[in-house]
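Please read the structure below before turning to the comments.
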Amino acid sequence: MYGTYIGGNRLLIQTKHAGTLIAPADEQSIIPQLMVEGQIDPSLTSFLVNHLTRGQIVVDIGATIGYFSLLMASLVGGKGKCLSYEADPYCYRYLTDNIFINHYQDRVTSHSLAPFSDDAPITLHTHNQWINEHAFKNPSHRYPPHFADTVEANEEIHGVSLDEHLYHLPYIDLIKIDVKGDELQTLMGLTQLVKDKIGTLLFSFNREDLHNDLPHFKEILLLYQNYYGKSLFKIDPLGEPIPVDIQHVIEHSPNCTMIVAS
């Protein structure tokens with residue numbers, strides 16, 4: 001086991017690659033795997049470990065309690081920078097605590113904001129026992145056995161367009177997005193940045209989560225490929241990028257981590 005109970009419904013977890021995390025003990029979506037394996041999403045973890053280097057600028061969208069933010073911060077080092085976005089106030093408190101206990105205030109800047117298609121107030125459906133599943137679309141309608149009794153609140157939060165919020169950065173080496181079916185709205189808010197200011201864009205693709213957004217999601221990927229000159233990949237189980245065909249992914253991949261790269 002990689003963690004121990006420290007009281008107050010909190011665990012202290014020593015991860016394999018991402019430093020030390022304080023985590024809610026009753027959380028069920030990612031904490032059990034962290035406790036048993038010391039990591040989550042091993043293929044994405046391996047990709048980041050193998051491809052990030054010192055001094056890079058990276059962005060984590062959908063940071064939850066900070067596993068990937070801390071992982072990326074450790075890889076880019078003190079001369080690099082990680083901008084971390086987490087919209088859920090409950091998770092954000094853990095995120096800021098974890099940045100502090102790992103002494104990463106020099107390289108991680110956290111934002112309690114939701115990267116979205118534009119600057120606007122939006123409603124976030126939160127689930128304290130399923131923190132990796134909070135979303136703007138209410139998951140209770142899609143997964144009633146899991147979520148019927150765990151919807152904690154509908155949080156009114158502030159959405160921001162990353163084209164506006166990150167316009168000051170000359171270049172971003174990598175952006176990672178995991179927002180549980182709201183990827184389309186997030187991607188719509190960074191269409192200008194993707195043209196020539198982002199080296200690698202990682203995002204979670206889940207056909208069931210995207211549902212009605214799939215046609216528009218496909219349009220955005222074709223825009224990246226045909227007009228922006230980007231290449232599309234998905235991450236294999238070993239954490240390596242393999243080229244993919246958009247139509248094949250849309251029709252045959254239930255879920256994967258996709259890469260858009262220059």
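Taken in order, the sequence shown gives residues 1 to 262; the numbers are from UniProt numbering. From the three backbone atoms N, C-alpha and C, an ideal C-beta is built for every residue, glycine too.
Exposure of residue i, with buried meaning 16 or more beta-carbon neighbours within 10 Å
i: residue 32; result: exposed
i: residue 52; result: buried
i: residue 262; result: exposed
i: residue 248; result: exposed
i: residue 24; result: buried
i: residue 222; result: exposed
i: residue 73; result: buried
i: residue 6; result: exposed
i: residue 114; result: buried
i: residue 241; result: buried
i: residue 127; result: buried
i: residue 125; result: buried
i: residue 183; result: buried
i: residue 117; result: buried
i: residue 200; result: buried
i: residue 56; result: buried
i: residue 217; result: buried
i: residue 167; result: exposed
i: residue 102; result: buried
First and last residue of the uninterrupted alpha helix (DSSP H) at residue i
i: residue 72; result: 67-76
i: residue 195; result: 191-196
i: residue 186; result: 183-188
i: residue 218; result: 214-226
i: residue 163; result: 162-165
i: residue 242; result: It is not in any alpha helix (DSSP H) - residue 242 instead sits in the beta strand (DSSP E) that spans 241-243.
i: residue 254; result: Premise fails: residue 254 is in no alpha helix (DSSP H) and is neither H nor E.
i: residue 209; result: 207-210
i: residue 99; result: 89-101
i: residue 46; result: 42-51
Contacting residues, own chain, Cβ-Cβ under 6 Å from residue i (five flanking each side not counted)
i: residue 171; result: 197
i: residue 243; result: 233
i: residue 84; result: 60, 63, 69, 108, 110
i: residue 86; result: 63, 92, 95
i: residue 144; result: Bear in mind that the predicted position of residue 144 carries a pLDDT of just 48, short of 50, making it unreliable; the figure below should be weighed with that in mind. Closer than 6 Å at Cβ, skipping near neighbours: no residue.
i: residue 155; result: 124, 126
i: residue 220; result: 187
Neighbourhood of residue i by C-beta distance below 7 Å, restricted to the same chain and skipping five residues each side
i: residue 54; result: 76, 77, 79, 80
i: residue 9; result: 24, 25, 26
i: residue 186; result: 61, 115, 116, 177, 179
i: residue 228; result: 194, 195
i: residue 189; result: 115, 116, 117, 118, 161, 162, 163
i: residue 252; result: none
One or two residues paired with residue i in a DSSP bridge
i: residue 261; result: 200, 231
i: residue 108; result: 82
i: residue 4; result: 12
i: residue 159; result: 114, 120
Contacts around residue i, its chain only, beta-carbon distance under 8 Å, and the 5 residues preceding and following it disregarded
i: residue 2; result: 13, 14, 15, 16, 34, 35, 36, 37, 38
i: residue 119; result: 158, 159, 160, 161, 164
i: residue 254; result: 206, 207, 208
i: residue 238; result: 43, 46
i: residue 257; result: 41, 43, 44, 47, 202, 203, 204, 205, 234, 235
Residue-chain proximity (residue i, chain B), Cβ-Cβ < 8 Å
i: residue 5; result: The structure shown contains no chain B; it holds only a single protein chain.
N- and C-terminal bounds of the beta strand (DSSP E) containing residue i
i: residue 125; result: 120-126
i: residue 59; result: 57-61
i: residue 173; result: 172-177
i: residue 238; result: Taken as a continuous stretch (DSSP letters only), residue 238 belongs to no beta strand (DSSP E), as it is neither H nor E.
i: residue 20; result: 20-24
Open item on the list: I want to know whether the stretch 190-209 touches the stretch 6-22 - three or more CB-CB distances under 8 Å.
Closed with: no
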